[in-house]
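**Student:** One structure follows; several queries about it will come next.
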Amino acid sequence: MKNALTDPDLARAWLDTLEHQRRLSRHTLANYSRAIDVLLKLKEQTLLRELDTQQVRRFVARLHATGLSGRTLALTLSAWRGLYRWLARHRGFAANPVQGVRAPKSPRHLPKVLSVEQAQQLLERAPPESREGPQSVRDRAMFELLYSSGLRLAELIALDAADGRLDLKQAEVTVTGKGGKTRTVPVGGRARDALRDWLKARALLAAPQERALFVGARGRRIAPGTVQLRLRAWAKRQGLGASVHPHMLRHSFASHVLQSSQDLRAVQEMLGHASISTTQVYTHLDFQALAKVYDAAHPRARKK
218 MKNALTDPDL
228 ARAWLDTLEH
238 QRRLSRHTLA
248 NYSRAIDVLL
258 KLKEQTLLRE
268 LDTQQVRRFV
278 ARLHATGLSG
288 RTLALTLSAW
298 RGLYRWLARH
308 RGFAANPVQG
318 VRAPKSPRHL
328 PKVLSVEQAQ
338 QLLERAPPES
348 REGPQSVRDR
358 AMFELLYSSG
368 LRLAELIALD
378 AADGRLDLKQ
388 AEVTVTGKGG
398 KTRTVPVGGR
408 ARDALRDWLK
418 ARALLAAPQE
428 RALFVGARGR
438 RIAPGTVQLR
448 LRAWAKRQGL
458 GASVHPHMLR
468 HSFASHVLQS
478 SQDLRAVQEM
488 LGHASISTTQ
498 VYTHLDFQAL
508 AKVYDAAHPR
518 ARKK
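Per the numbering used here, residue 218 is the first one in the sequence shown, and the count goes up by one each step.
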């Protein structure tokens with residue numbers, strides 16, 4: 218009966234496993250689903266069971282020729298490998314044709330971060346055109362928490378108001394990140410004050426029985442796009458020229474903590490990175506900041 222399943226059926230079964238057993242985020246599941254759709258389209262009439270490594274390499278070359286970056290192709294190959302590992306374990310596939318196939322390298326782009334001064338400018342006071350109504354109080358609490366604790370947007374949105382994960386007395390918040398991994402991170406004093414203000418005002422927006430900590434205009438759990446739009450407008454009113462997005466606050470948190478502490482392992486744990494190599498990108502940002510200070514201050518750093 219297992220062999221009667223079509224390739225799209227097998228792909229759906231794997232994605233269902235990721236959703237219900239590994240509890241991956243919607244964003245990650247959507248990326249994996251797109252990657253598998255690409256594979257099913259590229260293979261045409263060839264069965265997944267019959268694909269070989271040479272064909273997979275040709276698929277990667279074709280995708281690269283369309284302009285896909287090495288990073289995107291690496292993520293695509295990761296999804297394909299995961300599918301074949303699952304097929305080998307649960308459907309008796311003999312080989313993983315994606316094993317050993319590597320994506321072409323592309324230049325590594327450093328994440329964009331706010332300077333310490335820009336972060337202070339963003340969060341120090343309410344935007345001059347905003348009213349301190351419940352939505353403004355909510356926005357301040359969200360942005361302070363993102364920057365204070367380095368949360369992902371999905372982690373922020375998933376927080377509930379009364380499940381004990383946000384503990385203002387202990388100054389910490391517990392979130393579930395990628396792969397269902399749970400971590401507890403500190404919450405700074407400014408963020409705690411902003412969150413206390415929001416908890417007092419939350420009833421003015423939240424629908425009855427709504428569990429979400431942060432709610433939108435309709436009283437239900439706030440949508441990711443709403444957070445992004447509110448932050449962009451907030452930053453613009455604060456006079457920041459950069460296009461600020463929620464993940465930039467996470468990057469800024471990591472960069473600023475690393476500049477102060479030089480403790481890469483601690484930053485890795487607070488960000489919830491599985492590999493320290495992912496966290497190491499912030500050491501390059503730290504070096505860039507030092508280089509700017511050197512160029513500005515050293516008498517012989519610049520040409521006359």
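Glycine is no exception: its CB is placed at the ideal position from the N, C-alpha and C atoms.
How many Å lie between residue 505 and residue 468 at the Cα?
**Tutor:** The predicted position of residue 505 is uncertain, since its pLDDT is 49 and thus under 50; a value taken from the coordinates is nonetheless stated next. Cα to Cα, the separation comes out at about 14 Å.
**Student:** Measuring alpha carbon to alpha carbon, tell me which residue in 340, 295, 465, 300 is nearest residue 318.
**Tutor:** By alpha-carbon distance to residue 318, the top candidate from 340, 295, 465, 300 is 295.
**Student:** Taking the CB atoms as reference points, tell me whether residue 273 and residue 333 lie closer together than 9 Å.
**Tutor:** no
**Student:** Kindly list the residues whose CB is nearer than 8 Å to the CB of residue 414, restricted to its own chain and excluding five residues on each side of it in sequence; keep chain order.
**Tutor:** 354, 357, 358
**Student:** Taking all protein chains shown into account, do 16 or more other C-beta atoms lie within 10 angstroms of the C-beta of residue 239, making it buried, or fewer, making it exposed?
**Tutor:** exposed
**Student:** Can you have a look at residue 455 and say buried or exposed, based on whether 16 or more other CB atoms are within 10 angstroms of its CB?
**Tutor:** buried
**Student:** Indicate the three-state DSSP secondary structure (helix, strand or coil) for residue 399 in the structure shown.
**Tutor:** strand
**Student:** Start and end of the alpha helix (DSSP H) containing residue 333?
**Tutor:** For residue 333, the enclosing alpha helix (DSSP H) stretches over residues 333-340.
**Student:** With distances taken between CB atoms, is the gap from residue 362 to residue 390 smaller than 9 Å?
**Tutor:** yes
**Student:** State the beta-bridge partners of residue 240 as determined by DSSP.
**Tutor:** Bridge partners of residue 240: none, in fact.
**Student:** Taking one C-beta from the stretch 421-435 and one from the stretch 377-388 each time, how about it: are there three or more such pairs within less than 8 Å?
**Tutor:** Enough Cβ pairs lie closer than 8 Å, so yes.
**Student:** Which runs of the alpha helix (DSSP H) at least 4 residues long sit entirely within the stretch 250-336? Give them in chain order.
**Tutor:** 270-282, 287-307
**Student:** Taking the C-alpha atoms as reference points, what is the distance between residue 299 and residue 406?
**Tutor:** 42 Å
**Student:** Counting Cβ pairs, one atom from each stretch, are 3 or more of them under 8 Å apart for the stretch 435-450 and the stretch 395-406?
**Tutor:** no
**Student:** Suppose only complete runs of 4+ residues qualify. What are the alpha helix (DSSP H) ranges in the stretch 381-467, listed by chain order?
**Tutor:** Those alpha helix (DSSP H) runs which fall completely within the stretch 381-467 and span 4+ residues are 406-418, 441-454.
**Student:** Just the C-alpha distance for residue 460 and residue 337, rounded to the nearest angstrom, thanks.
**Tutor:** 16 Å
**Student:** To the nearest angstrom, how far is it from the Cα of residue 471 to the Cα of residue 367?
**Tutor:** 7 Å
**Student:** Kindly identify the DSSP beta-bridge partner or partners of residue 377.
**Tutor:** In the DSSP assignment, the residues bridged to residue 377 are 429.
**Student:** In the structure shown, what three-state DSSP assignment does residue 234 receive?
**Tutor:** helix
**Student:** When DSSP labels each residue in this structure, what does residue 223 get in the three-state scheme?
**Tutor:** DSSP, read as helix, strand or coil, puts residue 223 in coil.
**Student:** What distance in whole Å lies between the Cβ atoms of residue 303 and residue 234, which are believed to be in contact at a cut-off of 8 Å?
**Tutor:** 7 Å
**Student:** Using the C-alpha atoms, what's the distance from residue 268 back to residue 339?
**Tutor:** When only Cα atoms are considered, residue 339 and residue 268 end up about 52 Å apart.
**Student:** For residue 331, I'd like the list of residues in its chain whose CB is within less than 6 Å of its CB, leaving aside the five on either flank, ordered along the chain.
**Tutor:** Excluding sequence neighbours, residue 331 sits near 469.
**Student:** For residue 290, collect the residues of the same chain with a Cβ closer than 8 Å to its Cβ; drop the 5 residues on either side in sequence, then sort them by chain order.
**Tutor:** The residues are 277, 280, 281, 320, 321.
**Student:** For residue 362, report the span of its alpha helix (DSSP H) as first-last.
**Tutor:** 351-366
**Student:** Using CA coordinates, which residue listed in 313, 225, 287 is at the minimum distance from residue 262?
**Tutor:** 225
**Student:** Considering Cα atoms alone, identify which of 264, 229, 259 is closest to residue 247.
**Tutor:** Checked all of 264, 229, 259; the closest Cα to residue 247 is 229.
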